[in-house]
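Participant: Would you mind keeping the following structure in view while I ask a few things?
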Amino acid sequence: MNGQEIHAAPEYIYYLFNKPAGCVSATEDSRDKTVLDYIEEKDRRKGLFPVGRLDKDTEGFLLITDDGLLAHELLSPKKHVDKTYYAKVSGKVTAEDVVKLAEGVDIGEKDLTRPARLEILSTWESGTESAEAGKNWESEIRLTIHEGKFHQVKRMMEALGKKVTYLKRLSMGPLALPSDLPTGKYRSLTEKELELLKSAGNR
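Here it is as structure tokens:
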């Protein structure tokens, strides 16, 4: 009309959000800031929600959308969609721990965790003294899991006698957190990224 091009609103919208620590993965909360509070008013739409949950103190990759079907597919344990995390850990992570996580560990659920891939990035002595073995070591790891149980990464490391002190999700399925996306910022997925994500959910 009046020579202006009319663009139909997309059926669904998809945002890749670099979640900061201190906000909750919820649509509303009476006490804490939610991930949706970071979405500008012009980009909001009824029905937006975070796909899965990152703990309040966990940072990194979080998908926000109003596409319930895709979210269900990505979160289904049957789909085995990878989720990769970077973590700093109190304690010395060893090759034995790599084997244990590959076999599954007991985190207090009915079944052991599904096989996970643990990479030890570095270990070092922290310089603090302790009577408990291993407490004076720190480690950096990369961990890939296929489930999304409550506090799962932290509970898996606790099962190994270690404590997570920092946690950041790096990727979900075929998509990785862009290095140029600042903490607390978001952007729309590209068509190619959405195609890759849908392929991961449809496996």
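With the working numbering applied, the sequence shown corresponds to residues 983 to 1185, in that order.
By construction, the Cβ of each residue, glycine as well, lies at the ideal position given by its N, Cα and C atoms.
Applying the 10 Å Cβ sphere with the 16-neighbour rule, what's the burial state of residue 1041?
Facilitator: Locating residue 1041 in the sequence shown gives position 59, counting from the first residue. It is buried - the Cβ of residue 1041 has at least 16 other Cβ atoms within 10 Å.
Participant: Excluding sequence positions up to five away, which residues of its chain have a Cβ less than 8 Å from the Cβ of residue 1137?
Facilitator: As a working note, residue 1137 is residue 155 in the sequence shown. Excluding sequence neighbours, residue 1137 sits near 1089, 1090 and 1131.
Participant: What's the C-alpha gap between residue 1122 and residue 1071?
Facilitator: Position 140 of the sequence shown, counted from the start, is the residue given in the question as residue 1122. Position 89 of the sequence shown, counted from the start, is the residue given in the question as residue 1071. Distance between the alpha carbons of residue 1122 and residue 1071: 6 Å.
Participant: Determine the closest residue to residue 1108 out of 1171, 1074 and 1063, with distance taken between C-alpha atoms.
Facilitator: On the sequence shown, residue 1108 is found 126 positions in, with the first residue counted as 1. Answer by Cα proximity: 1074.
Participant: With distances taken between CB atoms, is the gap from residue 1102 to residue 1076 smaller than 9 Å?
Facilitator: The residue given as residue 1102 occupies position 120 in the sequence shown. The residue given as residue 1076 occupies position 94 in the sequence shown. Yes. Within cutoff.
Participant: With 9 Å as the threshold, decide whether the Cβ of residue 1083 is near any Cβ in chain C.
Facilitator: Absent from the structure is chain C; it holds one protein chain and no more.
Participant: What would DSSP say about residue 1116, mapped onto helix, strand or coil?
Facilitator: On the sequence shown, residue 1116 is found 134 positions in, with the first residue counted as 1. With a pLDDT of 45 at residue 1116, under the threshold of 50, the modelled position of that residue is not reliable, and the figure given next carries that caveat. Residue 1116 falls in the coil class under three-state DSSP.
Participant: For the ligand ATP, is there a heavy atom less than 8 Å away from the beta-carbon of residue 1105?
Facilitator: By its list of ligands, the structure shown contains no ligand whatsoever, and the ligand ATP lies outside what it can speak to.
Participant: Threshold first: 3 residues or longer. Then list the beta strand (DSSP E) segments lying entirely within the stretch 1090-1159, N to C.
Facilitator: You should have 1099-1107, 1119-1127 and 1145-1154.
Participant: Quick one: measure Cβ to Cβ for residue 1036 and residue 1007, integer angstroms, because I've assumed they're closer than 8 Å.
Facilitator: Translated into the one-based positions of the sequence shown, residue 1036 becomes position 54. Translated into the one-based positions of the sequence shown, residue 1007 becomes position 25. 5 Å between Cβ atoms; contact.
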